[in-house]
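Protein chains in written order, with this note's numbering: chain E, 49 to 375; chain W, -12 to 216.
Note that beta-carbon positions come from the ideal geometry of N, C-alpha and C, so glycine has one too.
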Amino acid sequence: MRLTGAVPNFLVFAALIAVAVIADLTGNPYIVTLATKVAIFGLAGVGLNLALGYGGLVSFGHAAFFGLGGYVAAILASHAASGAPVVTFPFTMMGTNEMLAIWPFAILVAGFAALVIGALSLRTTGVYFIMVTLAFAQMLYYFAISWPTYGGEDGLSFYVRNTFSGANTFAPLQFFGICAAVLGITMILVALLTQSRFGLALRAAKENETRVIASGIKPFAIRLTAFVLSGMVAGLAGALFADLNRFVSPAMLSWHMSGEIMIFVILGGVGRLAGPVAGAAVFIALEYLLGPVSDHWQALLGLMLILIVLFAPKGLMGLALGRRGHV
Amino acid sequence: MTALLDLRDVTAGYGAVQALFGVTLSLDEGQVLALMGRNGMGKTTTVRVIMRMLPLTGGTLSFAGRDIARLPSHRAAQAGLGLVPEGRRCFAPLTVAENLSVAARPGDWTLPRVLELFPRLGERMGQAARTLSGGEQQMLAIGRALLTNPRLLILDEATEGLAPVVRAEIWTAIRALKGQGVSILVIDKSLKELGSVADRAVILERGQAVWQGPMSGLGEDVVNRHLGV
Chain E
49 MRLTGAVPNF LVFAALIAVA VIADLTGNPY IVTLATKVAI FGLAGVGLNL
99 ALGYGGLVSF GHAAFFGLGG YVAAILASHA ASGAPVVTFP FTMMGTNEML
149 AIWPFAILVA GFAALVIGAL SLRTTGVYFI MVTLAFAQML YYFAISWPTY
199 GGEDGLSFYV RNTFSGANTF APLQFFGICA AVLGITMILV ALLTQSRFGL
249 ALRAAKENET RVIASGIKPF AIRLTAFVLS GMVAGLAGAL FADLNRFVSP
299 AMLSWHMSGE IMIFVILGGV GRLAGPVAGA AVFIALEYLL GPVSDHWQAL
349 LGLMLILIVL FAPKGLMGLA LGRRGHV
Chain W
-12 MTALLDLRDV TAGYGAVQAL FGVTLSLDEG QVLALMGRNG MGKTTTVRVI
38 MRMLPLTGGT LSFAGRDIAR LPSHRAAQAG LGLVPEGRRC FAPLTVAENL
88 SVAARPGDWT LPRVLELFPR LGERMGQAAR TLSGGEQQML AIGRALLTNP
138 RLLILDEATE GLAPVVRAEI WTAIRALKGQ GVSILVIDKS LKELGSVADR
188 AVILERGQAV WQGPMSGLGE DVVNRHLGV
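1. Residues bridged to Glu146 of chain E by DSSP?
2. Ignore the nearest five residues each way along the sequence and tell me which others in Ile165 of chain E's own chain have a CB closer than 6 Å to its CB.
3. Between Pro77 of chain E and the rest of its own chain, which residues show a CB-CB distance below 6 Å, the 5 nearest in sequence each way excluded?
4. With a CB to CB cut of under 7 Å and the five nearest residues on each side skipped, what residues in its chain are close to Phe268 of chain E?
5. So does the segment 231 to 246 of chain E actually touch the segment 130 to 146 of chain E, counting three or more Cβ pairs closer than 8 Å?
6. Can you give, in chain order, each stretch of the alpha helix (DSSP H) that sits fully within the segment 306 to 357 of chain E and has at least 4 residues?
7. Taking the C-alpha atoms as reference points, what is the distance between Val94 of chain E and Gln124 of chain W?
8. Can you give me the C-alpha to C-alpha distance between Gly130 of chain W and Gly0 of chain W, rounded to a whole angstrom?
9. So, Phe114 of chain E versus Gly286 of chain E, is the Cβ gap smaller than 7 Å?
10. Are Asn145 of chain E and Asn216 of chain E touching if we call contact CB-CB under 7 Å?
11. Could you confirm whether any beta carbon from chain W is found closer than 7 Å to the beta carbon of Ser244 of chain E?
12. From this set, E:Leu348, E:Ala111, E:Pro340, E:Ser278, which residue's C-alpha is nearest Met235 of chain E's C-alpha?
13. Quick one: does Gly264 of chain E have its CB under 7 Å from some CB of chain W?
14. Considering Cα atoms alone, identify which of E:Trp151, E:Val175, E:Leu156, E:Ser263 is closest to Ala128 of chain W.
15. With a cut-off of 7 Å, does the C-beta of Ile261 of chain E fall near any C-beta of chain W?
16. Short of 8 Å Cβ to Cβ, which residues in the segment 34 to 53 of chain W face chain E?
17. Pop quiz: His213 of chain W and Val189 of chain W are said to be a contact at Cβ under 8 Å. What is the actual Cβ separation, rounded to whole angstroms?
18. Which of the three DSSP states is assigned to Leu214 of chain W in this structure?
19. Any beta carbon of chain E sitting closer than 7 Å to that of Leu(-6) of chain W?
20. In chain order, what residues of the same chain have a beta carbon less than 7 Å from the beta carbon of Asp95 of chain W, not counting five sequence neighbours either side?
21. Around the C-beta of Arg320 of chain E, are 16 or more other C-beta atoms found within 10 angstroms, so that it is buried, or is it exposed?
22. Can you give the beta carbon distance from Asp(-4) of chain W to Gly45 of chain W, rounded, assuming they're within the 8 Å contact cut?
23. What does Gln65 of chain W touch in chain E if you count any residue whose Cβ is under 8 Å from its own?
24. Taking the continuous beta strand (DSSP E) assigned at Glu192 of chain W, which residues delimit it?
25. Extract the residue ranges of the alpha helix (DSSP H) inside the segment 83 to 157 of chain E, only unbroken runs of 4 or more that lie entirely within it.
26. Buried or exposed, going by whether 16 or more other CB atoms sit within 10 Å of the CB of Lys179 of chain W?
27. Return the chain-ordered list of same chain residues with a C-beta closer than 6 Å to the C-beta of Gly143 of chain E, the five sequence neighbours on each side being excluded.
28. Kindly identify the DSSP beta-bridge partner or partners of Ser60 of chain W.
29. Report buried or exposed for Thr140 of chain E, applying the criterion of at least 16 other Cβ atoms within 10 angstroms of its Cβ.
30. Would Lys254 of chain E and Gly350 of chain E be called neighbours here (beta carbons separated by less than 7 Å)?
31. In terms of DSSP beta bridges, what is Asp143 of chain W paired with?
32. What's the call for Trp195 of chain E, buried or exposed, on a 16-neighbour Cβ count within 10 Å?
33. Using the beta-carbon of each residue, which ones in chain E are nearer than 7 Å to Phe105 of chain W?
34. Any contact of the segment 19 to 39 of chain W with the segment 85 to 104 of chain W, i.e. 3+ C-beta pairs under 8 Å?
35. Report the residues of the segment 81 to 100 of chain W with a CB closer than 9 Å to any CB of chain E, ordered along the chain.
36. Compare the C-beta of Leu(-9) of chain W with all C-beta atoms of chain E and state if any pair is closer than 7 Å.
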């Protein structure tokens, strides 16, 4: 990792921690919760960025993985509360309210969905890829709406936040700490991945597919792997989001959510490690500051997005850094 | 001894438009073969067929004694075909070091050896490829292809659009590669430079090999008939 790339990424992460800690010390738990939301949405964005930013795979269906992760967390937690097993065939599986037990399930389920969706949609490119990923996510959305077992349209709530040994997950700063730690570790892993041979091939295939093939690399396998990893990170973010709200609903699976995750990435900086975190921070800050003023705050967000796409295609982080550092 | 690369009666085309009408050529291990012809006569199409980027509609294609006519493109590359394509040739956003390592495969060609051939790349390792000059990008493209440790290096218009000084530098490198025993299929417009490096030549005209033989046998009459403008 080059220094020029690492420092700004670290600064974004450090700023998020600073905001949460200062808000907690000054008795503003709501701001801590907003920072937690930034960490979670940023995590989902870091996941999408792996496919979109580094791989050039414009997935408009990442809500599928985000929502699946959320539903896995909520379903396991609600079964833990009711004591009824999740499945009885082919084996009996009970619910759990241990985050460390929930996360692997959320990651695996989201990863498996990404494997299936990716294997089919990566046969297309460009606008078709966007549409196919969107279609798969919408299928899951309508499935969730029409499945009464887990709340259907009303969603599914669980009353007690899941536990993490050694921490009180109900204390806002402690839950923030868990989310920020997950975000930080994921960012380090993504940084290592994008600098690895695998990451180089992924970025090279985005630049010129034919040339990559002529070098003896098959882009499909590389892209599918990136797509699956990307979905796994989004699924983990979804599990955390479920815990933040102690509630999941089909809205987590809807195309609005896919669009929001994409906005975090574009706003902050496509293909920049901490870009989605910065993007999510701006998004949440605008929602917090302007939401009470007008219901139409998203009009301003839209204007900002247009300006960014037109005049600063490298996003807010690219704007702040000028031409320096590009990872 | 079987040829390293062997094309027999290869036909190929783009949709309904046929571009190759039975190309036959072969290249032995350690040889440098010049693929010549006026613009639009099928040189790059032949390269695309060899690299399996364009399907054969007829004929045979073998490499290192193996039929590769049905191999997927990336497998052909893995089998030992190293292409330096024409046009903008590097992964622009990646650094020089990243460009060199992205497709590297173990073998005789190592990073120090490539940097010995192109010392200027060594000074630019951390720079994005897009910030390099045209000549440096070309050196990078050749270096990248060498690091895949190909059995055959294919240079398609390697000196096109470069300043004369830089062009001379690339030719010096190509001659050095020949001196080290690298098998090369080279496409270029400079008859003089090709004469100094190629062992044999094949001239394509309207998608067919109309002349082939040792470079020394390429007389003025042949040049005028097939290559003159």
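Considering the structure as presented:
1. For Glu146 of chain E, DSSP records a beta bridge to E:Thr211.
2. Hits under 6 Å: Phe184.
3. Leaving aside the five residues that flank Pro77 of chain E on each side, the residues in its chain whose CB is nearer than 6 Å to its CB run, in chain order, Pro220.
4. Closer than 7 Å at Cβ, skipping near neighbours: Leu170.
5. Touching, no.
6. As far as the segment 306 to 357 of chain E is concerned, its whole alpha helix (DSSP H) runs of at least 4 residues are 323 to 338.
7. Between Val94 of chain E and Gln124 of chain W, the C-alpha separation is close to 32 Å.
8. Within the model, the alpha-carbon separation for Gly130 of chain W versus Gly0 of chain W is close to 31 Å.
9. Yes. Within cutoff.
10. Their beta carbons are not under 7 Å apart, which means Asn145 of chain E does not touch Asn216 of chain E by this criterion.
11. It does not; no Cβ of chain W falls within 7 Å.
12. Considering only E:Leu348, E:Ala111, E:Pro340, E:Ser278, the residue with the shortest C-alpha distance to Met235 of chain E is E:Ser278.
13. Closer than 7 Å to some Cβ of chain W, the Cβ of Gly264 of chain E qualifies, so yes.
14. Of the listed residues, the one whose Cα sits closest to Ala128 of chain W is E:Ser263.
15. Closer than 7 Å: yes.
16. Here the close residues are Met38, Met40.
17. So it is not a contact: roughly 11 Å between Cβ atoms.
18. Of the three classes helix, strand and coil, the one that applies to Leu214 of chain W here is coil, per DSSP.
19. Answer no: the Cβ-Cβ gap between Leu(-6) of chain W and chain E never drops below 7 Å.
20. Here the set comprises Asn136.
21. The residue in question, Arg320 of chain E, is buried, as its Cβ has 16 or more Cβ neighbours within 10 Å.
22. Approximately 6 Å separates the beta-carbon atoms of Asp(-4) of chain W and Gly45 of chain W; this is inside 8 Å, confirming the contact.
23. Against Gln65 of chain W, the close residues of chain E are Gly264, in the order they occur along the chain (beta-carbon pairs closer than 8 Å).
24. Looking at the DSSP string, the run of the beta strand (DSSP E) that includes Glu192 of chain W is 187 to 192.
25. Qualifying alpha helix (DSSP H) stretches, in chain order: 111 to 130.
26. Within 10 angstroms of the beta-carbon of Lys179 of chain W lie fewer than 16 other beta-carbons, which makes it exposed.
27. Within the same chain, Cβ atoms closer than 6 Å to the Cβ of Gly143 of chain E are found at Leu124, His127, Ala128, Val134, the five residues on either side in sequence being excluded.
28. For Ser60 of chain W, DSSP records no beta bridge to any residue.
29. It counts as exposed.
30. Contact flag unset, no.
31. Asp143 of chain W is bridged by DSSP to W:Ile174.
32. The residue is exposed, with fewer than 16 neighbouring Cβ atoms inside 10 Å.
33. Residues of chain E with a Cβ closer than 7 Å to the Cβ of Phe105 of chain W do not exist; the shortest Cβ-Cβ separation is about 18 Å.
34. The segment 19 to 39 of chain W, when compared against the segment 85 to 104 of chain W, does not touch it at the 8 Å Cβ threshold.
35. Correct list: Leu81, Thr82, Glu85, Asn86, Ser88, Val89, Ala90, Ala91, Arg92.
36. The Cβ of Leu(-9) of chain W sits no closer than 7 Å to any Cβ of chain E.
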